[in-house]
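Novice: Next up is a structure, given as structure tokens.
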Amino acid sequence: MIIRKFILFLLLVSCSTVLMAQGSGTLLRALHSTAPDSNRIVALLKLSNYYLDKPGDEKSDMDSTAYYADKAAGLSRELRLPRYYYDCILIKACLSASLHDYVKAEGLFGSAAKYHEQTGDKKKAAFTWLMFGDFIMYTDIPNAAIRKKAYVNSYKLFSAAGMKQESADLLGKVADADMVLGNFEQAEQELLSVIKEYKALKYRKVYLAYYLLAEVLYRKNAIKEGLLARIETANLFDQDPDGKDNDGALYYFCLAGAYYNDLQEQKALDVYLKCMKFSEKVGLKDYYYLCIRGAALCYSKLKKYREGLEFIRKYESRFPDHTVYHNMLLLSAKIQLYTLSGDLESAGRLIGRFRKASKEVYDALPQNKEFYRIDNYISFSDPLLRFYMKKQQWDEFGAAYKQLDALPWKGRSVLIERRMLHYAYTIDSVNGDFFSALKNYRSITRLNDSINNSKATEQIHELEAKYRLLAKDKTIHELHSETAIQKATLERRNAQFYGLIAGSFLILILACMAWYAYRHKIRINLDMSAKQLQINEQNRQLSLLLDEQQVLITEKDDLLLQKEWLLKEVHHRVKNNLQIVMSLLYGQSSHLQSDEALRAMRNVQNQIQSIAIIHQKLYTRSGLSTIRLSDYVHDLIGYLSGVYTPELRKIKITQHIDDIVLDPAQAVPVGLIMNEAVTNAIKYAFDGSGGEIKITASVSGKGSVRLLIADNGKGFASTEYQPAHMGMEMMAALAKQISGSFERKNDKGAVIMICFDIIDGAAAQPGASGIHTPFD
């Protein structure tokens, strides 16, 4: 007890400073108290990191991150402090990666890494690339190549720095990226190199590389070799005293599945039970219910149907809040056992519930691109097809097979391919297509030959013997554990006694060092006092320079405000002048007798109003350089609704506009095109029963906009080019003016489509408005 109090006293003395979390208010106050030097840069970086690390994806937080990073970067350039400047670049790189703009992020991370490499800090450069690679999820297949490139760069730098452990870890990440890209042979060789390096380093967690190697072999359809890697993974994991239960659940689940695929059902059953213990301990529900289903399949293969059903009833209620996915797993297992036992009546009562749960899981499949999700879904659906075969319900069997066959084929394992070939063989045999059935049978035989590997089987037996010997050694170790504990207690007491003596001696030495430090500090203070006088004079001169700088900044801000006011006044006057022109046209139209002339005059008024709306938007917003397309369309439709009130009583106008911002040079032609297209649809598309007009604007990731004005009315009498049609000529000319394309067609009504690229200075965010058919 005395020793414990003494140790606690030492900890309290050594931990005299307590770090407290800082909020934005504290950071802002700290910023305002700094001078324009390196301390201000550090305060700006802290604020930028604070908003970057805030939970959620609020746009205001992202904007604040960029704002403070830019401020810090500007001050770093001004003070010529490249170290802080590249800290700012790294923050902006992390921001771009968080927003999934990986192309921009790659350039920023590369710039920061290059700086660290040029300054001789290859380790920091390597960690910079590693940070970028870790931003990209392993399921993000479209960006897997960028992820691999980042890891390769990090691997090369770690290797050049002589950091063997880190370079081996990075080579494993490169292999993982190659596996996602489908480079299985390359990934296998890389992982074998990782395993060799880990063993040379005597790294205890070498099983991490074996697990990934097993994944690669499974995707290569090397079933036997994959089982070897699974056994090695489990053996090495059991030898690690620091192994985590989450990892144990994963490794034993994969090992059980590998045993089951190799037709070793009893071994698979034992491993499934072990995996269930790990899963229950850490609350991994998915693995728990996958193990229940796997164990049920083992019971069915062993023809122990009643034991399998009892097993499910015993364990299925461990986690009461079942998801649809869990229900599908349990129903699949029960249907399998009932069907193979011949109790088709009990199996049939579960078919409806299974199909309902299966449909919900099937609908969610396109959202997850991992290939084994497809394999698992086909495997879970197998009992349903077996039931249809037993009942000889061939129409239902064929429909279920077509649904599975429609799923992506790329990446399927050889076992799933064999199962699908067996389904096709059954259908061909029932339909009398014996030639196709024979072809499928030969394919099944060829796959069986590729799966069976006698050499690998011998290696599996050797590893299993090694595993049994390891388990025996662990039992012996547990028998001697009590003696070891007693011995360790005695050694710990001796160590505490000697530790007390050593601690007292250490305190004496620390006291002497503190006295020397105190005397040394007095001498330093005298020197610092003399230097402080010089610093004060320099600060006075610097203050004068800062005052001059502040005057210049104030003058610059006044000029900017003046410029913005003048631009607003110009747009306001242009808008008023356009309104005067419209008034003049309206007055002149009252003297016209020709209906054709009146219609032409009204079209001109509408076109002028579409331009006037743009200028009105420009002078009523704080930003003077861009137009938000959704707001503009809303105002234009509102104006046309007032002009064509009688015609619009039975016409519905809907709009689906992405977050698109246009330059006025593009907004004017686009507005004239929409005005002409919507006016034509109102006037000519519908009979007395009315209809609907849809305006859709969608944007791709490269900044290409597709604008559709579609109606469900009569459609065009002819989609061929007609020179006499002034409206169509004008829209085509305006589309050409913005370097876009113009197309008109009939698709359940008239459709006008304009495609163009957004010019520099504007912006867009892809949304959910893009459609393939105007009226579904």
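Take 0 as the starting number for the sequence shown in numbering that gives the first Met the number 0 and just add one per residue.
Where a beta carbon is used, it is the ideal one built from N, C-alpha and C, also for glycine.
#1: Between the alpha carbons of residue 249 and residue 294, how many angstroms are there, rounded?
#2: By DSSP, does residue 367 sit in helix, in strand, or in coil?
#3: Given this structure, state the Cα-to-Cα distance separating residue 527 from residue 281, to the nearest angstrom.
#4: Mind reading off the beta-carbon distance from residue 415 to residue 377? Whole number of angstroms is fine, and I expect it under 8 Å.
#5: Assuming residue 681 and residue 650 form a contact by the criterion Cβ under 8 Å, report the distance between their Cβ atoms to the nearest whole angstrom.
#6: Is the beta carbon of residue 779 less than 8 Å from the beta carbon of residue 696?
#7: Using a Cβ-Cβ cut-off of 6 Å (strictly less than) and excluding sequence neighbours within five positions of residue 268, which residues of its own chain qualify?
#8: Give me the Cα-Cα distance between residue 442 and residue 672, rounded to the nearest whole angstrom.
#9: Work out the CA separation of residue 231 and residue 202 for me, nearest whole Å.
#10: At the level of alpha carbons, what is the spacing between residue 65 and residue 39?
#11: What residue from 401, 431, 116, 548 has the CA that sits closest to residue 422's CA?
#12: Per DSSP, residue 707 is paired with what?
#13: Put residue 653 into one of helix, strand or coil per three-state DSSP.
#14: Can you tell me which of the three DSSP states residue 690 falls into?
#15: Going by beta carbon distance, what residues of the same chain come within less than 6 Å of residue 89, once the five residues before and after it are set aside?
#16: What first and last residue would you give for the beta strand (DSSP E) that runs through residue 661?
#17: Starting from residue 224, follow the alpha helix (DSSP H) in both directions and report where the run begins and ends.
#18: Which residues in the same chain as residue 674 place their Cβ atom closer than 7 Å to its Cβ, once the five residues preceding and following it in sequence are excluded?
#19: Label residue 135 either buried or exposed according to how many other C-beta atoms from any shown protein chain fall within 10 Å of its C-beta, with 16 as the threshold for buried.
#20: Using CA atoms only, rank isn't needed, just tell me which of 633, 73, 133 is closest to residue 148.
#21: Is the beta carbon of residue 602 sitting closer than 8 Å to the one on residue 678?
#22: Taking buried to mean at least 16 other C-beta atoms within 10 Å of its own C-beta, is residue 109 buried or exposed?
#23: DSSP state of residue 315, grouped into three classes?
#24: Find out if the Cβ-Cβ distance for the pair residue 261, residue 211 is shorter than 8 Å.
#25: Given this structure, state the Cα-to-Cα distance separating residue 611 from residue 74, to the nearest angstrom.
#26: CB residue 311 to CB residue 383, shorter than 8 Å?
#27: Pick out whichever of 669, 748, 520 has its Cα sitting closest to the Cα of residue 731.
#28: Using DSSP with H/G/I as helix, E/B as strand and the rest coil, what is residue 747?
#29: Excluding sequence positions up to five away, which residues of its chain have a Cβ less than 6 Å from the Cβ of residue 752?
#30: Looking at residue 626 and residue 597, is the spacing between their C-beta atoms short of 8 Å?
#31: Given a cut-off of 8 Å, decide if residue 125 and residue 160 are closer than it, judged by their beta-carbon atoms.
#32: Could you tell me if residue 533 is buried or exposed, where buried requires 16 or more neighbouring beta carbons within 10 angstroms of its beta carbon?
Specialist: A quick look at the data gives this:
#1: Counting from 1 along the sequence shown, the entry for residue 249 is found at position 250. Counting from 1 along the sequence shown, the entry for residue 294 is found at position 295. Cα to Cα, residue 249 sits roughly 15 Å from residue 294.
#2: On the sequence shown, residue 367 is found 368 positions in, with the first residue counted as 1. A caution first: residue 367 carries a pLDDT of 49, below 50, which makes its placement in the model unreliable, though a value can still be read off. Coil.
#3: Counting from 1 along the sequence shown, the entry for residue 527 is found at position 528. Counting from 1 along the sequence shown, the entry for residue 281 is found at position 282. So the two alpha carbons sit approximately 59 Å from each other.
#4: By one-based count along the sequence shown, residue 415 stands at place 416. By one-based count along the sequence shown, residue 377 stands at place 378. Correct: roughly 5 Å between the Cβ atoms.
#5: Numbered from 1 along the sequence shown, position 682 holds the residue referred to as residue 681. Numbered from 1 along the sequence shown, position 651 holds the residue referred to as residue 650. Contact holds; Cβ gap of about 6 Å.
#6: The shown model of the chain, from 0 to 775, leaves out residue 779, and the question about it has no answer.
#7: Start at 1 with the first residue of the sequence shown, and residue 268 comes out as number 269. Closer than 6 Å at the Cβ level, and outside the excluded window around residue 268, lie 294, 297.
#8: Indexing the sequence shown from 1 puts residue 442 at position 443. Indexing the sequence shown from 1 puts residue 672 at position 673. Distance between the alpha carbons of residue 442 and residue 672 is about 59 Å.
#9: If you number the sequence shown from 1, residue 202 lands on position 203. If you number the sequence shown from 1, residue 231 lands on position 232. Looking at the two C-alpha atoms, the distance is approximately 15 Å.
#10: Residue 65 sits at position 66 when you count from the first residue of the sequence shown. Residue 39 sits at position 40 when you count from the first residue of the sequence shown. Computed Cα separation, rounded: 16 Å.
#11: By 1-based counting over the sequence shown, the position of residue 422 is 423. Comparing Cα-Cα distances from residue 422 to each of 401, 431, 116, 548, the minimum goes to 401.
#12: Here residue 707 is taken as the residue at index 708 of the sequence shown, counted from 1. According to DSSP, residue 707 bridges with 695, 752.
#13: For the purposes of this step, residue 653 is identified with residue 654 of the sequence shown, where counting begins at 1. Correct three-state label for residue 653: strand.
#14: As a first step, residue 690 is located in the sequence shown; it is residue number 691 there, counting from the start. In this structure, residue 690 counts as strand in the three-state DSSP scheme.
#15: Residue mapping note: residue 89 aligns to position 90 of the sequence shown, counting from 1. For residue 89, where only same-chain residues beyond five positions count, the Cβ hits under 6 Å are 111.
#16: On the sequence shown, position 662 is the one that residue 661 refers to. Start and end: 658-661.
#17: Your numbering for residue 224 matches position 225 in the sequence shown. Where residue 224 is concerned, the enclosing alpha helix (DSSP H) stretches over 222-237.
#18: Taking the first residue of the sequence shown as 1, we reach residue 674 at position 675. Same-chain partners within the cutoff: 605, 606, 609, 635.
#19: Here the question's residue 135 lines up with position 136 in the sequence shown. Buried, because 16 or more other Cβ atoms sit within 10 Å of the Cβ of residue 135.
#20: Position 149 of the sequence shown holds residue 148. The shortest C-alpha separation from residue 148 is found at 133.
#21: Here residue 602 corresponds to residue number 603 of the sequence shown, with the count starting at 1. Here residue 678 corresponds to residue number 679 of the sequence shown, with the count starting at 1. Yes.
#22: Here residue 109 corresponds to residue number 110 of the sequence shown, with the count starting at 1. Answer is buried; the Cβ neighbour count reaches 16.
#23: The residue given as residue 315 occupies position 316 in the sequence shown. If DSSP states are grouped into helix, strand and coil, residue 315 belongs with coil.
#24: Within the sequence shown, residue 261 is the residue found at index 262, counting from 1. Within the sequence shown, residue 211 is the residue found at index 212, counting from 1. No. Outside cutoff.
#25: As a first step, residue 611 must be located in the sequence shown, where it is residue number 612. As a first step, residue 74 must be located in the sequence shown, where it is residue number 75. Rounded to whole angstroms, residue 611 to residue 74 spans 42 Å at the Cα level.
#26: Residue numbering aside, residue 311 sits at position 312 when the sequence shown is read from its first letter. Residue numbering aside, residue 383 sits at position 384 when the sequence shown is read from its first letter. It is not a contact, given that the beta carbons lie outside the stated cut-off.
#27: Taking the sequence shown and counting its residues from 1, one reaches residue 731 at position 732. Minimum Cα distance to residue 731 is reached at 669.
#28: Locating residue 747 in the sequence shown gives position 748, counting from the first residue. In the structure shown, residue 747 sits in coil (DSSP, three-state: anything other than H, G, I, E or B).
#29: Here residue 752 is taken as the residue at index 753 of the sequence shown, counted from 1. Hits under 6 Å: 707, 742.
#30: For the purposes of this step, residue 597 is taken as the residue at position 598 of the sequence shown. For the purposes of this step, residue 626 is taken as the residue at position 627 of the sequence shown. No, the pair does not count as a contact, with Cβ atoms beyond the cut-off.
#31: What you label residue 160 is simply residue 161 of the sequence shown in a count that begins at 1. What you label residue 125 is simply residue 126 of the sequence shown in a count that begins at 1. Cβ distance < 8 Å, so residue 160 and residue 125 count as in contact.
#32: Counting from 1 along the sequence shown, the entry for residue 533 is found at position 534. By the neighbour-count rule (16 or more Cβ atoms within 10 Å), residue 533 is not buried but exposed.
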